[in-house]
Amino acid sequence: MSLVGALTPLGKVARDWKTWFSAVLLYTLSGLGVGAGVGAALGWLGRLAGVAPAHDGVLLTGVVLALVLAAREWGLVRFRLPERPLQTEKIWMHQFGPLGAATLWGLHLSLGFFTRVNYGGFWLLVLLAFGLGDPAYGALLVGGHWLGKTLPVWVAPLAYRDPNEAGDLMRIWEGRTSVYARFQGLGLVATATVLAVWLTAGRG
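With numbering that gives the first Met the number 0 applied, the sequence shown covers 0 to 203.
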């Protein structure tokens, strides 16, 4: 489902900026807390599994995975990503109102493992959070990923006066589209470059 209709002042529910701001803030903060917690847990599990000493191997695997995922986004290779094809519950809006629903949506979507995964970058972050074996790194990686996902929710109502246009923006961001897939591919290549530089610097 698109969050624009529920969380923008142009949608059917949030008709005023105060309601919109409170709902989006709760959505962002609840998801950030869960996302950071998931990342920290992955880092802790990686440390517990003893993978952190294989620092170079993790970075090299990350470079390869990022390039493979970029090729997928550009249509050069085809394979399904691991995911649970679940949507958020629309009924929460009627049961808990915009503020309660926004909080629950943030908690649910930020888990990552229990919803659709449209783009492969999420699994690269999971690898890095686990493989680096550092809860702080993990929290920053997955928490930062969540903040990136909330950005269009904040921007859409400011950029468009027409709710249909705002909805189109969110569909590009949230759904599987060729336009956004190309940008995802570019981001993955950039990430592979950063990891390769980090790997080279560590060996120097």
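In this text, a Cβ means the ideal position worked out from N, Cα and C, and glycines have one as well.
As the structure is a computational prediction, the values presented were derived from the model and not from experiment.
Determine whether the Cβ of Leu146 lies closer than 8 Å to any Cβ atom of chain D.
Protein chains in the displayed structure number just one, and chain D is not present.
For Phe121, report the span of its alpha helix (DSSP H) as first-last.
Segment Gly120 to Gly130, the alpha helix (DSSP H) holding Phe121.
Between Gly61 and Leu123, is the Cβ-Cβ spacing less than 8 Å?
Contact flag set, yes.
Whose CA, out of Trp19, Arg71, Thr27 and Leu28, lies closest to the CA of Arg181?
Ranking Trp19, Arg71, Thr27 and Leu28 by Cα distance to Arg181 puts Arg71 first.
Count the other CB atoms, across all protein chains shown, that sit within 10 Å of the CB of His93; report buried if there are 16 or more and exposed otherwise.
With fewer than 16 other Cβ atoms within 10 Å, it is exposed.
Using the rule of at least 16 other Cβ atoms within 10 Å of the residue's Cβ for burial, across every protein chain shown, is Trp172 buried or exposed?
Low confidence applies to Trp172: its pLDDT is 48, below 50, so where it sits in the model is not reliable enough to give any reading.
Determine the direct distance from the alpha carbon of Arg115 to that of Thr192, and round the result to whole angstroms.
Thr192 and Arg115: Cα-Cα distance of roughly 27 Å.
Around the C-beta of Leu47, are 16 or more other C-beta atoms found within 10 angstroms, so that it is buried, or is it exposed?
Exposed, by the Cβ-count rule.
Note down, in chain order, each residue of its chain lying with its Cβ closer than 6 Å to the Cβ of Thr149, except the 5 sequence neighbours on either side.
Once the five neighbours on either side are set aside, the close Cβ partners of Thr149 are Thr27.
Please state whether the Cβ-Cβ distance between Leu31 and Gly142 is less than 8 Å.
For Leu31 and Gly142, yes; Cβs fall inside 8 Å.
Residues in the same chain with beta-carbon distance under 6 Å from Glu82, minus the five sequence neighbours each way, listed in chain order, please.
Contacts found: Arg115 and Val116.
Within 10 angstroms of its Cβ, does Leu187 collect 16 or more other Cβ (buried), or is it exposed?
Under this definition Leu187 is a buried residue.
Whole angstroms are fine: how far does the CA of Lys17 sit from the CA of Gly120?
The straight-line gap from Cα to Cα measures roughly 33 Å.
Would you mind working out which of Pro134, Gly132 and Val125 sits nearest His144, comparing C-alpha positions?
Nearest of Pro134, Gly132 and Val125 to His144, Cα basis: Val125.
In the DSSP assignment, the alpha helix (DSSP H) including Pro97 goes from what residue to what residue?
Taken as a continuous stretch (DSSP letters only), the alpha helix (DSSP H) holding Pro97 covers Trp91 to Leu108.
Name the residue from Leu106, Trp104 and Gly137 whose alpha carbon lies nearest to the alpha carbon of Trp43.
Per the Cα distances, Gly137.
Give every residue of the same chain whose Cβ lies closer than 7 Å to the Cβ of Trp153, excluding the five residues on either side of it in the sequence, and list them in chain order.
Excluding residues within five positions, the ones whose Cβ falls inside 7 Å are Val23.
To the nearest angstrom, how far is the alpha carbon of Gly132 from that of His107?
If you take the alpha carbons of Gly132 and His107, they lie about 25 Å apart.
For a test of the three-state rule: what should DSSP assign to Arg77, helix, strand or coil?
Note: Arg77 maps to coil in three-state DSSP.
May I have the straight-line CA-CA distance separating Arg77 from Thr190, to the nearest angstrom?
Each residue's Cα considered, the two are about 20 Å apart.
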